[in-house]
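Trainee: Sequential numbering of the sequence shown, starting at 1, is according to my numbering.
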Amino acid sequence: MLIEWNKNLGVDVSRDMIWKKLLEQDENLITPVVAKPLLFAERHDRLTYGSLCNLRQDNLSIVHVFKSMCLGLVRNLHSMMGRDLISRLKCERIVATGGALTRNSVLRTCLESEFDYLPVVYASATDAAYGSAIFLKQLVEES
Numbered sequence: 001m002l003i004e005w006n007k008n009l010g011v012d013v014s015r016d017m018i019w020k021k022l023l024e025q026d027e028n029l030i031t032p033v034v035a036k037p038l039l040f041a042e043r044h045d046r047l048t049y050g051s052l053c054n055l056r057q058d059n060l061s062i063v064h065v066f067k068s069m070c071l072g073l074v075r076n077l078h079s080m081m082g083r084d085l086i087s088r089l090k091c092e093r094i095v096a097t098g099g100a101l102t103r104n105s106v107l108r109t110c111l112e113s114e115f116d117y118l119p120v121v122y123a124s125a126t127d128a129a130y131g132s133a134i135f136l137k138q139l140v141e142e143s
């Protein structure tokens with residue numbers, strides 16, 4: 001999306017440069033911007049899309065929006081797999097997989113902060129489907 005916006009403005013910026021700038025931000029940045037990053041709608045409700053809230057002149061920067069998008073993604077996961085469900089399933093840790101977590105330190109920080117009651121283990125040589133398969137296997141075995 002950012003590459004396309006830059007092209008529309010006549011600016012040539014590489015994907016690597018954009019990621020470098022996004023990931024340079026202060027990991028402790030607290031942003032009032034709230035993102036619900038549902039760009040492709042929710043699977044259970046095809047009429048619910050994403051939004052950004054609490055935008056002001058002093059926080060309408062790419063670092064605030066990016067941090068809120070990362071936090072919004074993690075909070076969306078947490079809403080599907082809340083603390084109660086995690087306790088009932090006797091989960092001992094989160095096995096985090098996928099390229100987004102491997103490459104995105106901001107997303108990792110958000111994950112560790114939101115799920116601060118469980119250790120997070122990163123499996124770097126796998127994709128996100130691997131983590132889902134591990135969870136479903138455990139869920140079936142528990143039933």
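C-beta: ideal position from N, C-alpha, C; glycine also. Since we're looking at a predicted model, the values are computed, not measured.
(1) Can you check whether the CB of Ala128 is closer than 8 Å to the CB of Thr109?
(2) What distance in whole Å lies between the Cβ atoms of Asn59 and Pro32, which are believed to be in contact at a cut-off of 8 Å?
(3) Whole angstroms is fine: what's the gap from Ser14's alpha carbon to Glu24's?
(4) Leaving out five residues before and five after Val74 in sequence, what residues of the same chain have Cβ atoms less than 6 Å from its Cβ?
(5) Does the beta-carbon of Cys70 have 16 or more other beta-carbons within 10 angstroms, so that it is buried, or is it exposed?
(6) How about Asp84: is its C-beta nearer than 8 Å to some C-beta of chain D?
Mentor: Based on what the coordinates show:
(1) no
(2) 6 Å
(3) 16 Å
(4) Cys110, Leu111 and Glu114
(5) buried
(6) Among the protein chains of the structure shown there is no chain D, as only one such chain exists.
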